[in-house]
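Enquirer:
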Amino acid sequence: GAVVSQHPSWVICKSGTSVKIECRSLDFQATTMFWYRQFPKQSLMLMATSNEGSKATYEQGVEKDKFLINHASLTLSTLTVTSAHPEDSSFYICSAQDRGRNLIYEQYFGPGTRLTVT
Amino acid sequence: GESVGLHLPTLSVQEGDNSIINCAYSNSASDYFIWYKQESGKGPQFIIDIRSNMDKRQGQRVTVLLNKTVKHLSLQIAATQPGDSAVYFCAVVGSQGNLIFGKGTKLSVKP
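Going line by line, the protein sequences match chains A and B.
Convert by adding 2 to the 1-based position in the first sequence; the result is the number in this note's numbering.
Going by this note's numbering, 45 is the number at position 57 of the second sequence; the sequence numbering is gapless.
(1) Would P42/A be called buried (16 or more neighbouring beta carbons within 10 Å of its own) or exposed?
(2) Does the stretch 75 to 93 of chain A come into contact with the stretch 14 to 24 of chain A, if we say contact requires no fewer than three beta-carbon pairs (one atom in each stretch) closer than 8 Å?
(3) At least one CB of chain B closer than 7 Å to the CB of F30/A: is that the case?
(4) Take K44/B as the anchor and find which of Y20/B, S83/B, G82/B has the nearest alpha-carbon.
(5) Can you name the residues of chain B whose CB is closer than 8 Å to the CB of S45/A?
(6) Note down the Cα distance separating A67/B from N6/B, rounded to an integer number of angstroms.
(7) I believe P99/B touches E3/B by the beta-carbon criterion, under 8 Å. Please report the beta-carbon distance rounded to the nearest angstrom.
(8) What's the C-alpha gap between P88/A and I14/A?
(9) Give the single residue among G47/B, R39/B, L63/B whose Cα lies nearest to the Cα of K56/B.
(10) In chain order, what residues of the same chain lie with their CB nearer than 6 Å to the CB of E54/A, ignoring the 5 residues before and after it?
(11) Taking F34/B as the reference, give the member of V52/B, V(-8)/B, E(-10)/B, Y13/B with the closest Cα.
(12) Assuming L110/B is part of the beta strand (DSSP E), what are its boundary residues?
(13) Assuming G90/B and S45/A make a contact with CB atoms under 8 Å, what is their CB distance in whole Å?
(14) Can you give, in chain order, each stretch of the beta strand (DSSP E) that sits fully within the stretch 27 to 93 of chain A and has at least 3 residues?
(15) Going residue by residue through the stretch 22 to 65 of chain B, where are the continuous alpha helix (DSSP H) segments of at least 4 residues, counting only ones entirely within it?
(16) Listed in chain order, which residues of the stretch 1 to 32 of chain B have Cβ atoms closer than 9 Å to some Cβ of chain A?
(17) Would you kindly work out how many angstroms separate the C-alpha atoms of V58/B and Q64/B, rounded to a whole number?
(18) Hey, does I95/A have any beta-carbon neighbour from chain B nearer than 7 Å?
(19) Examine chain B for any beta-carbon lying closer than 7 Å to the beta-carbon of P113/A, and answer yes or no.
(20) Would you report the Cα separation of S96/B and E61/A, rounded to the nearest angstrom?
(21) In chain B, which residues lie less than 8 Å from Q109/A when you measure between Cβ atoms?
(22) Mind listing which residues of the stretch 45 to 64 of chain A have their C-beta closer than 7 Å to chain C's C-betas, in chain order?
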């Protein structure tokens, strides 16, 4: 149980285009989902916290107009990288908190999406 | 601010030996600690956790030790296998309830 999927697993796009990444909880409902960014050989950095039916909360330094997050249902959150630039190339990982559990740190991680902007 | 650091970015061990990966944290009020394993190109995988009211917790081939006095956390892997090769992160629950990750230690297992 507690499986989180991401789609696509990797994507290459041209500068200036937008890319949407999906995060799904497959066998549980997720009130809260989290989006992380990871550069090569570095740690995970939290970008934003996404709550179903409300606006996402972004971490300091993360541009909300550039990284659009939508959490329209209890099993799906999307991250859209708008007007992508090469510096947006990174590994994006989502995690989800089981609605049935009340502990924010009990998160289940997706497999990640590798974004390359050319 | 709150931070989590690791002592060694890389660790190389012989297959069958024990591995010890260390982590230090800054917030003495931290209550919950987690170790994750991340294989190349994949998301983090939960290994083991420990609460601040414990000093030691054991799982299958893994043991986590917590020293609150010096704010130090370690992960011990017994009889390390090639499949254990990965990057290991410790994470601490921050004051906001979020996860704060350490920088990671890359474990390489030599056959």
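Ideal Cβ placement from N, Cα and C applies to all residues, glycine included.
Expert: According to the data block:
(1) Counting the other Cβ atoms within 10 Å of the Cβ of P42/A gives fewer than 16, which makes it exposed.
(2) As far as the Cβ criterion goes, the stretch 75 to 93 of chain A touches the stretch 14 to 24 of chain A, which means the pair count is three or higher.
(3) Closer than 7 Å: no.
(4) When each option's Cα is compared against that of K44/B, the closest is Y20/B.
(5) Taking a Cβ-Cβ threshold of 8 Å, the residues of chain B close to S45/A are F77, F89, G90, K91, G92, in chain order.
(6) Their backbone Cα atoms lie some 5 Å apart in a straight line.
(7) With a Cβ gap of about 5 Å, P99/B and E3/B count as contacting.
(8) Each residue's alpha carbon lies about 10 Å from the other.
(9) When each option's Cα is compared against that of K56/B, the closest is R39/B.
(10) The residues are T33, H73, L76.
(11) If you compare the alpha carbons of V52/B, V(-8)/B, E(-10)/B, Y13/B with that of F34/B, the shortest gap goes to V52/B.
(12) Nothing about residue 110/B can be reported from this structure: the residues present for chain B run from -11 to 99 only.
(13) Right, the Cβ-Cβ distance comes to about 6 Å (below 8 Å), so this counts as a contact.
(14) Complete beta strand (DSSP E) runs here, min 3: 32 to 40, 46 to 53, 69 to 75, 78 to 83.
(15) With a minimum length of 4 residues, no continuous alpha helix (DSSP H) run stays inside the stretch 22 to 65 of chain B.
(16) Residues Y20, I22, Y24, Q26, G29, K30, G31, P32.
(17) Straight-line Cα distance between these residues: approximately 18 Å.
(18) Yes, I95/A counts as interfacial toward chain B.
(19) By this cut-off, P113/A is an interface position.
(20) Roughly 33 Å between the two C-alpha positions.
(21) Under the 8 Å cutoff, chain B gives L87.
(22) Of the protein chains in this structure, namely A and B, none is chain C.
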